[in-house]
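J.: First the structure, then my questions, so here it is.
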Amino acid sequence: MFLNGMLYATKTLENPWSFDTYVQQGGYEAWKKILRGELTSDEVIDIVKASGLRGRGGAGFPTGLKWSFMPRKAPGQKYVVCNSDESEPGTCKDREILIYNPHALVEGMAIAGFAIGATAGYNYMRGEFMDEPYLHFEQAVNEAYAAGLLGRNVQGSGIDFDLYPSLGAGAYICGEETALLESIEGKKGQPRFKPPFPASFGVYGRPTTINNTETFAAVPWIIRHGGERYLAVGKPNNGGTKIFSVVGDVNAPGNFEIPLGTPFSKLLELAGGVKGGALKAVIPGGSSAPVLPANIMLDCTMDYDAIAKAGSMLGSGAVIVMNDSRCMVRSLLRLSYFYQHESCGQCTPCREGTGWLWRLVDRIEHGRGRMEDIDVLDSVADNIMGRTICALGDAAAMPVRGMIKHFRDEFVHHVEHKRCAAGTAAALATT
Amino acid sequence: MSQNKHAVLSEHACHEIDRWVAKYPPERKQSAVLAALREVQHENGGYLTNELMDAVADYLGLPAIAVYEVASFYSMYELKPVGRHNIAVCTNISCMLRGSDEIVAHIEQKLGIRLGESTADGKFYLKKEEECLAACASAPMMQVDHVYYENLTTAEVDRILDSLE
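Each protein sequence line maps, in turn, to chains A and B.
Numbering of the first sequence is given in my numbering, commencing with residue 12 and proceeding in unit increments.
Numbering of the second sequence is given in my numbering, commencing with residue -19 and proceeding in unit increments.
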């Protein structure tokens, strides 16, 4: 079993975050190979393409393909940007990469910079990470400079790469890549129209490649061991390992790095099984992913294709487990409140629609719902989807549609009885 | 720019802002706005004033509105006076499933304030945290002055809050 074998390889060691620990695990070998001139940028991109690595932030876009979109041989400044704005409810994997294995991210970003022709990189961490995660990453960057692995003409290779830790200040929307770019520029985090895509117009209007923390952190292993070996760890089209944050009603919540394609039942077992009752439902990919009922989930393997086929998405890999005492209306209310608060306000369907979703769910949860509200909810969600600049509108709408699709009877029960079908007296008392 | 306005910012704040400005291209000082606001808010006991925001704008050579709109957009900036210890309890879905509502209720009762309020003695500010704070596997959790405290119990909350000056 490949548990915590790559991204969390240092996690159980002494001083897991230190340069020495990372080097003892084969760290910086891939970067040094590049510095010695043993790989061209085309070769690096080909290896990443062969690995089947897909974006770990949520969209699952093939990383090698994304890198190949960069006008990498064109003159002028280009950038590599890391999205460490980990904010998708349920997700807590990148924070542990930053804390326990920050050098993998430093090395991964340096390799990416070489591959796409960028000589500067920013790692944008959410503002709430200003203490431990930020400080560990900053320390790793400083250690890499001190070891002569970053800077100008690194080890006489003719390769330049400077890396800067950066911080947000509290805004879910900054996890959207173009909002993140705006935030690096010192502005409000409001997403940009695409196209132009960041590969042609990114930070400061320069070509930029943005990937998630976990994506970059996987790159050193891939370059060191080869794309085919990485792919073989997972399953076709779903290469390598993925970190799953298994949270909610389980006995041993935690982050588990396992091969893509591992059965959900195995992952649940790693997290100690369901706590407080039988398995009712799982949100398999962060709060924006549609919920799946237990019977569907137990047949799934944990990879992009299997979860998509089941009607949801692997997303960020946050696996939110709910037992059979949980009220789905109340769970949706918490999520809908979150999305209406975090909508940046640019697009009317999202700004107004997320507010409507929240108020409708609130009305149903608190016994003031009408039967037609359930269909209105569904239609508001439908009218948001695909009609906004960025994916936050979809992210707010998808959980609503998933809940109504699979747990419509609970919404009906709330309307008919003005109270909850599931749950305990205590849960009712708080509503 | 007037000498006066610069004097609003401490020497340490200016040094810190300069350190951040150096991370960005020379003509892109605006990139340091977030860090500048974080620093001056920290030195001012946890909240921003118009005077401080104007001073940051002046120092970075920006129109004041460019600073105001950032300060009002991001949730980690406070635009009104708040208590000096910032308590943020995550109540998003994963923490909700693991008892964060009881943690909030306990703190509200202990401090005699509601979410979004500060204690009369100016010691505590109980922030209304809207976001998930990315420590879901060790829920329930809170941040106190930006330090994470995880796997909370009400007894643990008491210990942490009682230990603050």
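Note that CB positions come from ideal geometry on N, CA and C, so glycine has one too.
Quick caveat: nothing in here was measured; it's all calculated off a predicted structure.
Quick check: does the Cβ of Ala289(A) come within less than 8 Å of any heavy atom belonging to the ligand SAH?
T.: The model on display carries no ligand, and the ligand SAH is accordingly not part of it.
J.: Of all Cβ atoms in chain B, is any one closer than 9 Å to the Cβ of Tyr111(A)?
T.: Sequence index remark: in the first sequence, residue 111(A) carries index 100 (1-based). With 9 Å as the cut-off, Tyr111(A) does not count as an interface residue toward chain B.
J.: Work out the CA separation of Lys286(A) and Asp260(A) for me, nearest whole Å.
T.: Locating residue 260(A) in the first sequence gives position 249, counting from the first residue. Locating residue 286(A) in the first sequence gives position 275, counting from the first residue. In a straight line, the C-alpha of Asp260(A) is about 5 Å away from that of Lys286(A).
J.: Is there a C-beta anywhere in chain A that falls below 9 Å from the one on Asn72(B)?
T.: Mapped onto the second sequence, residue 72(B) falls at position 92. It does: the Cβ of Asn72(B) has a partner Cβ on chain A nearer than 9 Å.
J.: I want to verify the contact list: residues of chain B whose CB lies under 8 Å from the CB of Leu403(A), in sequence order.
T.: Translated into the one-based positions of the first sequence, residue 403(A) becomes position 392. Going along chain B, no residue has its Cβ under 8 Å from Leu403(A), so there is no contact; the nearest lies around 13 Å.
J.: Check whether the Cβ atoms of Phe267(A) and Asn15(A) sit closer than 9 Å, and answer yes or no.
T.: To locate residue 267(A), count along the first sequence from 1; it is residue 256. To locate residue 15(A), count along the first sequence from 1; it is residue 4. Cβ distance < 9 Å, so Phe267(A) and Asn15(A) count as in contact.
J.: Taking all protein chains shown into account, do 16 or more other C-beta atoms lie within 10 angstroms of the C-beta of Pro176(A), making it buried, or fewer, making it exposed?
T.: Here residue 176(A) refers to the residue found at position 165 when the first sequence is read from its first residue. The residue is buried, with at least 16 neighbouring Cβ atoms inside 10 Å.
J.: Could you spell out the range, first to last residue, of the alpha helix (DSSP H) harbouring Gln35(A)?
T.: Walking along the first sequence from the start, residue 35(A) turns up at place 24. Unbroken alpha helix (DSSP H) run through Gln35(A): 30 to 35.
J.: Give me the residue from Cys70(B), Val50(B), Glu7(B), Gln21(B) with the minimum Cα distance to Gly41(B).
T.: On the second sequence, residue 41(B) is found 61 positions in, with the first residue counted as 1. Of Cys70(B), Val50(B), Glu7(B), Gln21(B), the residue nearest in Cα terms is Glu7(B).
J.: Comparing C-alpha positions only, which one of Arg137(A), Ala123(A), Glu193(A) sits nearest to Gly80(A)?
T.: As a first step, residue 80(A) is located in the first sequence; it is residue number 69 there, counting from the start. One detail in the question is off: residue 80(A) reads as Phe in this sequence, not Gly. Here the closest residue by C-alpha is Ala123(A).
J.: Report the neighbours of Gln89(B) on chain A: residues whose CB is nearer than 8 Å to its CB, in chain order.
T.: In the second sequence, counting from the first residue as 1, residue 89(B) sits at position 109. In chain order: nothing, as chain A lies at least about 15 Å away.
J.: Spell out whether any CB of chain A is found under 9 Å from the CB atom of Phe104(B).
T.: Here residue 104(B) corresponds to residue number 124 of the second sequence, with the count starting at 1. So, not an interface residue.
J.: Identify the continuous alpha helix (DSSP H) that holds Pro113(A) and give its terminal residues.
T.: The residue labelled residue 113(A) in the question sits at position 102 within the first sequence. Its alpha helix (DSSP H) spans residues 113 to 127.
J.: So is Val127(B) buried or exposed if we call it buried at 16+ other beta carbons inside 10 Å?
T.: As a first step, residue 127(B) is located in the second sequence; it is residue number 147 there, counting from the start. Val127(B) is exposed by the Cβ-count criterion.
J.: Between which residues of its own chain and Ala129(A) is the CB-CB distance below 6 Å, once the five residues before and five after are set aside?
T.: Taking the first sequence and counting its residues from 1, the one referred to as residue 129(A) is at position 118. For Ala129(A), where only same-chain residues beyond five positions count, the Cβ hits under 6 Å are Lys89, Tyr90, Val91.
J.: For Met122(B), go through chain A and note every residue whose CB falls closer than 7 Å to its CB, in chain order.
T.: Here residue 122(B) refers to the residue found at position 142 when the second sequence is read from its first residue. Going along chain A, no residue has its Cβ under 7 Å from Met122(B), so there is no contact; the nearest lies around 11 Å.
J.: Measuring straight from C-alpha to C-alpha, what distance separates Ile331(A) and Leu192(A)?
T.: Here residue 331(A) corresponds to residue number 320 of the first sequence, with the count starting at 1. Here residue 192(A) corresponds to residue number 181 of the first sequence, with the count starting at 1. Taking the straight line joining both Cα atoms gives about 29 Å.
J.: Which stretch, first to last residue, makes up the alpha helix (DSSP H) that contains Phe140(A)?
T.: Counted from its first residue, the first sequence places residue 140(A) at position 129. Looking at the DSSP string, Phe140(A) is not in any alpha helix (DSSP H), and its letter there is neither H nor E.
J.: Only counting the same chain, and skipping five residues up and downstream in sequence, which positions put a Cβ closer than 6 Å to that of Pro100(A)?
T.: Against the first sequence, residue 100(A) aligns to sequence position 89. Hits under 6 Å: Ser298.
J.: If you drop the 5 nearest sequence neighbours on each side, which residues of the same chain put their C-beta closer than 7 Å to that of Glu233(A)?
T.: Along the first sequence, read from residue 1 onward, the residue named residue 233(A) stands at position 222. Contrary to the premise, residue 233(A) reads as Ile rather than Glu in this sequence. Result list for Ile233(A): Ile58, Val59, Ser62, Leu64, Tyr241, in chain order.
J.: Ignore the nearest five residues each way along the sequence and tell me which others in Glu143(A)'s own chain have a CB closer than 6 Å to its CB.
T.: Position 132 of the first sequence, counted from the first residue, corresponds to residue 143(A). Ile110, listed in sequence order.
J.: Using a 10 Å radius around the Cβ and a threshold of 16 neighbouring Cβ atoms, would you call Leu17(B) buried or exposed?
T.: Taking the second sequence and counting its residues from 1, the one referred to as residue 17(B) is at position 37. By the neighbour-count rule (16 or more Cβ atoms within 10 Å), Leu17(B) is buried.
J.: If we require 3 or more residues per run, which beta strand (DSSP E) segments fall completely within the segment 127 to 212 of chain A?
T.: Correct list: 131 to 136, 173 to 178.
J.: Report buried or exposed for Leu146(B), applying the criterion of at least 16 other Cβ atoms within 10 angstroms of its Cβ.
T.: Limits of chain B in this structure are -19 at one end and 145 at the other, which puts residue 146(B) out of reach.
J.: So, is Gly119(A) buried or exposed, given that buried needs 16 or more other C-beta atoms within 10 angstroms?
T.: Along the first sequence, one-based indexing puts residue 119(A) at 108. Buried.
J.: Taking Cys103(A) as the query, report the chain B residues whose CB atoms sit under 7 Å from its CB, ordered along the chain.
T.: The count along the first sequence starts at 1 and reaches residue 103(A) at position 92. In chain order: Ala114, Ala115, Cys116, Ala117.
J.: Please list, in chain order, all residues of the same chain as Thr147(B) whose beta carbon is under 6 Å from its beta carbon, the five residues on each side excluded.
T.: Lying before the first or after the last residue shown, residue 147(B) is absent from chain B, which here runs from -19 to 145.
J.: Would you kindly work out how many angstroms separate the C-alpha atoms of Leu343(A) and Gly272(A), rounded to a whole number?
T.: Indexing the first sequence from 1 puts residue 343(A) at position 332. Indexing the first sequence from 1 puts residue 272(A) at position 261. Rounded to whole angstroms, Leu343(A) to Gly272(A) spans 28 Å at the Cα level.
J.: I want to know whether the segment 31 to 49 of chain B touches the segment 69 to 81 of chain B - three or more CB-CB distances under 8 Å.
T.: Verdict: no, contact absent.
J.: What residue from Val165(A), Ala263(A), Leu290(A) has the CA that sits closest to Leu281(A)'s CA?
T.: If you number the first sequence from 1, residue 281(A) lands on position 270. Checking every option, the nearest Cα to that of Leu281(A) belongs to Ala263(A).
J.: Taking the C-alpha atoms as reference points, what is the distance between Met324(A) and Cys116(B)?
T.: By one-based count along the first sequence, residue 324(A) stands at place 313. By one-based count along the second sequence, residue 116(B) stands at place 136. Roughly 19 Å between the two C-alpha positions.
J.: Are Ala(-7)(B) and Glu23(B) touching if we call contact CB-CB under 9 Å?
T.: On the second sequence, residue -7(B) is found 13 positions in, with the first residue counted as 1. On the second sequence, residue 23(B) is found 43 positions in, with the first residue counted as 1. Yes; because the gap between Cβ atoms is below 9 Å, this pair is in contact.
J.: Classify Ala289(A) as buried or exposed, calling it buried when 16 or more other Cβ atoms lie within 10 Å of its own Cβ.
T.: Counted from its first residue, the first sequence places residue 289(A) at position 278. Classification of Ala289(A): exposed, given that the 10 Å Cβ count is below 16.
J.: In three-state DSSP terms, what is Tyr90(A)?
T.: Residue numbering aside, residue 90(A) sits at position 79 when the first sequence is read from its first letter. If DSSP states are grouped into helix, strand and coil, Tyr90(A) belongs with the strands.
J.: Relative to the alpha-carbon of Ala2(B), which residue among His428(A), Ala321(A), Asp173(A) has its alpha-carbon at the smallest distance?
T.: Locating residue 2(B) in the second sequence gives position 22, where the first residue counts as 1. With distances taken between Cα atoms, Ala2(B) lies closest to Asp173(A).
J.: Give the interface partners of Tyr128(B) over in chain A, defined as CB-CB distance under 8 Å, in chain order.
T.: Your numbering for residue 128(B) matches position 148 in the second sequence. Here the neighbours are Asp142, Glu143.
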